[in-house]
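In my numbering, the protein residues as written are 5 to 123.
Written below as structure tokens is the structure these notes are about.
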């Protein structure tokens with residue numbers, strides 16, 4: 005399986021192109037924005053899956069669709085972190101391990117955010 009992307013990596017790359025866009029993008033536009041050798045149909049398929057998941061919005065442009073992200077990168081990451089905690093049988097241990105894995109600068113950022121939220 006050498007050379008294969010991790011599950012969800014292509015979706016994230018395509019979302020990254022959309023997040024950096026100033027407006028709706030057709031599959032051709034998205035393909036041009038990717039640093040990968042992919043088929044047009046692959047990009048169309050992934051965009052369709054992202055639309056089915058509610059992560060992108062689409063509008064008809066001629067015979068094609070143009071896509072924009074429906075969620076920010078920060079919101080998507082936060083949703084995934086919450087989902088990971090929800091799946092854990094011991095969310096306190098999961099949070100503890102997560103915080104312990106952060107470098108001191110990120111731990112300080114987390115402290116500052118929590119302090120700000122408690123006000």
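From the three backbone atoms N, C-alpha and C, an ideal C-beta is built for every residue, glycine too.
Which listed residue (54, 123, 31, 23) has its alpha carbon closest to that of residue 66: 31
Selection from 79, 112, 51 that minimises the alpha carbon distance to residue 68: 51
For residue 23, the nearest candidate out of 101, 116, 108, 76 (CA to CA): 76
Helix, strand or coil at residue 67 according to DSSP, with G and I counted as helix: coil
Range of the contiguous alpha helix (DSSP H) that encloses residue 14: 13 to 23
Run of the alpha helix (DSSP H) containing residue 88, from where it starts to where it stops: 77 to 91
Residue burial classification, residue 96 (beta-carbon count within 10 angstroms, cutoff 16): exposed
From 80, 49, 21, residue whose alpha carbon lies closest to that of residue 59: 80
Local Cβ density within 10 Å of residue 11, reported as buried at 16 or more and exposed below that: exposed
Assigned secondary structure, residue 62 (DSSP; H/G/I helix, E/B strand, else coil): strand
Span of the alpha helix (DSSP H), counted from its first residue to its last, around residue 118: 108 to 122
Endpoints, alpha helix (DSSP H) assigned at residue 45: 44 to 56
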